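Numbering (my numbering), first residue to last: 12 to 54.
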């Protein structure tokens, strides 16, 4: 909420809050899958 208020006070119009990906097991699974895909062949 504080971030949205700061954003709007600075003249912003469309604020969207996106939860941190590493704050849940599902988000960490996405990060792991991306890392494994992008690092395949390197490691």
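Just so it is clear, CB atoms sit at the ideal spot from N, CA and C, and this is done for glycine as well. All figures in this text were calculated on a predicted structure; none of them were measured in a lab.
Exercise. The alpha helix (DSSP H) spanning residue 46 covers which residue range?
Worked result: Start at 1 with the first residue of the chain shown, and residue 46 comes out as number 35. Element bounds for residue 46: 36 to 50.
Exercise. Leaving out the 5 sequence neighbours to the left and right, which residues in its chain are closer than 6 Å to residue 26 when beta-carbon positions are compared?
Worked result: Taking the chain shown and counting its residues from 1, one reaches residue 26 at position 15. Answer for residue 26: 15 and 18, listed in chain order.
Exercise. Hey, residue 42 and residue 50: beta-carbon distance below 8 Å or not?
Worked result: For the purposes of this step, residue 42 is identified with residue 31 of the chain shown, where counting begins at 1. For the purposes of this step, residue 50 is identified with residue 39 of the chain shown, where counting begins at 1. No, they are not a contact pair.
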